[in-house]
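Chemist: Numbering (the numbering used here), first residue to last: 310 to 808. Ideal Cβ placement from N, Cα and C applies to all residues, glycine included.
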Ligand SMILES: Nc1ncnc2c1ncn2[C@@H]1O[C@H](COP(=O)(O)OP(=O)(O)OP(=O)(O)O)[C@@H](O)[C@H]1O
Ligand SMILES: [Mg+2]
């Protein structure tokens, strides 16, 4: 590819507003065949908006789009697909009540409607193997998949199409290193085949591995593209957030106190062996593992929503009735799920009401909400989690993905839990806001709340926690103070040296 190669995709002068909010102003993007362009920017900067415009999900107020030099109207998803564009959206578009195979067949030209289940399953197995889901039964209902599996399924769906422009909107936000490597190699292969790739991410390391050009978005405007060779992570961060970041992670615990939470001999469905786990006051415990490691099942068991056959859980030395009616929020145990759409937030109601939902009773009397108290307390949660306080009445469903995540985490703060269990605390959150979430979690822990974080991001687990435990296929494989791990060693442990 040289300077004379014509552009495959050119978007010029793209603008889009929602009432008073300018999501995009005069955005320019141009890319050539075989090129990977990374789109970066803070939460709400406009990345998904341009992706949705190119995919025909929303129509811009202004601007033109050309493909191979010809102006096109991408006003519907069909028009966009017909123009050779395939998109992995940030929010999943699979249908939960259909099977994996049926989802793969949806909207795919190669799968005629008369194919029976056997034929569909055969076709599905081949596509699934390309994203490393070899073990997944194509008959599984999508609603029973983990977030990571759903993400890989979304990618598989797009690979099943033969598109000349492929767009990925945060495809790795919910994935661990091994799955990320697979996605990155898929992207590299697509580019090597001469396809043009747009790749949105908050994981900046990925950018330097796969991108040729970087376009940084800030407040709905795009910077001109920059060759990746001229950038460093620090430069990118400063351009994204408009200042230098400083330390991403807060200091570790100054000292640990009594045991807040202890689980002994828990037999949990889906896990091998028994779970024994101890958490001290002032300690942040980090759990990590790749797809199928079992960390989700452990947190759900502790939260009282899991399937526990035997064992005990003690809070401050007092046993609780495991799986009983009062196990959970009633005991002060808050669980923040990685699936924010399914059990984190309510898209159709305001930021304020989402934040207040776990503790609305506390500010109500005889069924009437004390609006001032609700507003005050919600505003203070918002401040702590970098949520825009001028938009407290906005519907959460209209927020960008990362901003929805901040609401999902922030809402559990207000119940003043004794134990906070958070999975993927910063899924899709930009680096600036991540630092604020980490600082909040550390402050909660310092103030005596038991904090357990589970994350597929080994860097995050290592940077945030005092103690790190690794899991592989349903069993713990190692547990050490965070300062006794190195990152490469942790990555190897998580993959369990399977090579
Ligand atoms: N339907 C809508 N109504 C009002 N505002 C909207 C709507 N859709 C998007 N927005 C706003 O447009 C802006 C850009 O959002 P967008 O989703 O493009 O951000 P993003 O860069 O993808 O962020 P993230 O990294 O969090 O995914 C945000 O302020 C968002 O709240
Ligand atoms: Mg987005």
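Specify, as a first and last residue, the run of the alpha helix (DSSP H) that residue 714 falls within.
Modeler: 710-719 is the extent of the alpha helix (DSSP H) around residue 714.
Chemist: Using only the heavy atoms of ligand 1, determine whether one of them is closer than 8 Å to the beta carbon of residue 399.
Modeler: For ligand 1, at least one heavy atom lies less than 8 Å from the Cβ of residue 399.
Chemist: Is the beta carbon of residue 364 within less than 8 Å of some heavy atom of ligand 3?
Modeler: Among the ligands present in this structure, namely ligand 1 and ligand 2, ligand 3 is not found.
Chemist: Judging by CA-CA distance, which residue of 355, 525, 492 is the nearest neighbour of residue 346?
Modeler: Taking only the C-alpha atoms, the option nearest residue 346 is 525.
Chemist: Using only the heavy atoms of ligand 1, determine whether one of them is closer than 8 Å to the beta carbon of residue 707.
Modeler: Residue 707 Cβ: within cutoff of ligand 1.
Chemist: Report the option in 344, 778, 468, 540 whose CA atom is closest to the CA atom of residue 514.
Modeler: The candidate whose alpha carbon is nearest that of residue 514 is 540.
Chemist: Taking the alpha helix (DSSP H) that residue 747 belongs to, which residues open and close that run?
Modeler: From DSSP, the alpha helix (DSSP H) with residue 747 extends over 740-755.
Chemist: With a CB to CB cut of under 6 Å and the five nearest residues on each side skipped, what residues in its chain are close to residue 642?
Modeler: Same-chain partners within the cutoff: 612, 728.
Chemist: Would you identify the three-state DSSP class for residue 455, choosing helix, strand or coil?
Modeler: Looking at residue 455 - three-state DSSP - the assignment turns out to be coil, as it is neither helix nor strand.
Chemist: I need the boundaries of the beta strand (DSSP E) containing residue 517, first residue and last residue.
Modeler: Taken as a continuous stretch (DSSP letters only), residue 517 belongs to no beta strand (DSSP E), being part of the alpha helix (DSSP H) at 513-519.
Chemist: Within a Cβ cutoff of 8 Å, which residues of the same chain sit near residue 799, ignoring the five residues on either side of it in sequence?
Modeler: For residue 799, where only same-chain residues beyond five positions count, the Cβ hits under 8 Å are 597, 767, 770, 771, 777, 779.
Chemist: Between the alpha carbons of residue 396 and residue 718, how many angstroms are there, rounded?
Modeler: Going from the Cα of residue 396 to the Cα of residue 718 covers about 28 Å.
Chemist: What does residue 321 pair with, by DSSP beta-bridge criteria?
Modeler: Bridge partners of residue 321: 373.
Chemist: Taking the runs of the alpha helix (DSSP H) that are 4 residues or longer, which of them lie wholly in the region 558-613?
Modeler: Counting only runs of 4 or more, we get 604-612.
Chemist: Does the Cβ-Cβ distance between residue 570 and residue 607 come in under 9 Å?
Modeler: Going by C-beta atoms, residue 570 is not nearer than 9 Å to residue 607.
Chemist: I want to know whether the region 375-385 touches the region 451-462 - three or more CB-CB distances under 8 Å.
Modeler: In short, these stretches do not touch, since the Cβ pair count stays below three.
Chemist: If you compare alpha carbons, which of 383, 374, 467, 442 is closest to residue 414?
Modeler: Closest option to residue 414, Cα to Cα, is 467.
Chemist: Check whether the Cβ atoms of residue 659 and residue 705 sit closer than 9 Å, and answer yes or no.
Modeler: A contact, by the Cβ cut-off of 9 Å.
Chemist: Expressed to the nearest angstrom, what Euclidean distance is found between the alpha-carbon atoms of residue 409 and residue 593?
Modeler: Their backbone Cα atoms lie some 37 Å apart in a straight line.
Chemist: Between residue 505 and residue 369, which are expected to be in contact by the criterion C-beta below 8 Å, what is the C-beta distance as a whole number of angstroms?
Modeler: That belief does not hold up - the Cβ atoms of residue 505 and residue 369 are roughly 20 Å apart, past 8 Å.
Chemist: Would you check if the distance between the CB atom of residue 350 and the CB atom of residue 697 is smaller than 9 Å?
Modeler: No, Cβ-Cβ distance for residue 350 and residue 697 is not below 9 Å.
Chemist: Would you kindly report the start and end of the unbroken beta strand (DSSP E) that includes residue 872?
Modeler: Only positions 310 to 808 of the chain appear in the structure, and residue 872 is not among them; the question remains open.
Chemist: Residues in the same chain with beta-carbon distance under 8 Å from residue 501, minus the five sequence neighbours each way, listed in chain order, please.
Modeler: Answer for residue 501: 343, listed in chain order.
Chemist: So is the beta-carbon of residue 606 under 8 Å away from any non-hydrogen atom of ligand 2?
Modeler: For ligand 2, not one heavy atom lies less than 8 Å from the Cβ of residue 606.
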